[in-house]
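In what follows, a single structure is set out as structure tokens and then discussed.
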Amino acid sequence: MITRFINYLSKEKSFEAYIKSYRLASIFAIILALFLVILNWQMHFNSYTKGFVWGMSIALLALTIRNYLVLHNEKKLKEAYIESKDERNHAILLAASATTLVLQILLIILVLVLNAFFKVNFDLRYFLAADLYVIILSFFGTDILLKRFM
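Residue numbers (the numbering used here): 896 to 1045.
In structure tokens, the structure reads:
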């Protein structure tokens, strides 16, 4: 089942199929953003969780607005389709993913060594927040640098 899903995602799509999947992803993002907003109003979270949920919903709404603008601009839609099929972009994404994975492994090793040998304890929430920043910055930073210099 996982193999079929990966094959489906990596299969080359026609322009119409690309538009359909792009539109479905936008619909899913707006539904998830609205669900998170409603969840934030209905549930009583602490301030950290409330901020995290608001941040996720705002990011999803921004993504949806961007996708809406791309879907209604034929030139940008064709550029996005060509970019999704470009082998150079696939190689850049693969390199960015590999770099992010290596940094993740190094961060985990560093934290384990600090904990095992120096008895440094980390608050899990702060560690996960720092880890999330490492993932985001390393992936997008590597992606931007490789697109600029490759």
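Don't be surprised by glycine CBs; every beta carbon is placed ideally from N, CA and C. Remember, it's a predicted structure, so these values are computed and weren't measured experimentally.
Helix, strand or coil for residue i, going by three-state DSSP, please let me know.
{"i": "F930", "result": "helix"}
{"i": "D981", "result": "coil"}
{"i": "D1018", "result": "coil"}
{"i": "F947", "result": "helix"}
{"i": "E969", "result": "helix"}
{"i": "S909", "result": "coil"}
{"i": "N941", "result": "coil"}
How would you call residue i, buried or exposed, if buried means at least 16 neighbouring beta carbons within 10 angstroms?
{"i": "L934", "result": "exposed"}
{"i": "A928", "result": "buried"}
{"i": "L931", "result": "buried"}
{"i": "L955", "result": "buried"}
{"i": "S952", "result": "buried"}
{"i": "S909", "result": "exposed"}
Might you give, ordered along the chain, the residues of its own chain that have their beta carbon closer than 8 angstroms to the beta carbon of residue i, omitting 5 neighbours on each side?
{"i": "L964", "result": "K971"}
Which same chain residues, not among the five before or five after residue i, have their C-beta less than 7 angstroms away from its C-beta?
{"i": "L958", "result": "A924"}
{"i": "R990", "result": "For clarity, residue 990 is Ala in the given sequence; the question names Arg instead. So the qualifying residues of the chain are T1037, L1041."}
Check whether the Cβ of residue i lies closer than 8 angstroms to any Cβ atom in chain B.
{"i": "Y913", "result": "Within the model displayed, chain B is absent; a lone protein chain is all it includes."}
Let me check you understand the geometry: is the CB of residue i closer than 7 angstroms to at least one non-hydrogen atom of the ligand ZN?
{"i": "A928", "result": "As presented, the structure is devoid of all ligands, the ligand ZN included, so that no description of it is given."}
_So, does the segment 1020 to 1035 touch the segment 998 to 1005, judging by three or more C-beta pairs under 8 angstroms?_
yes
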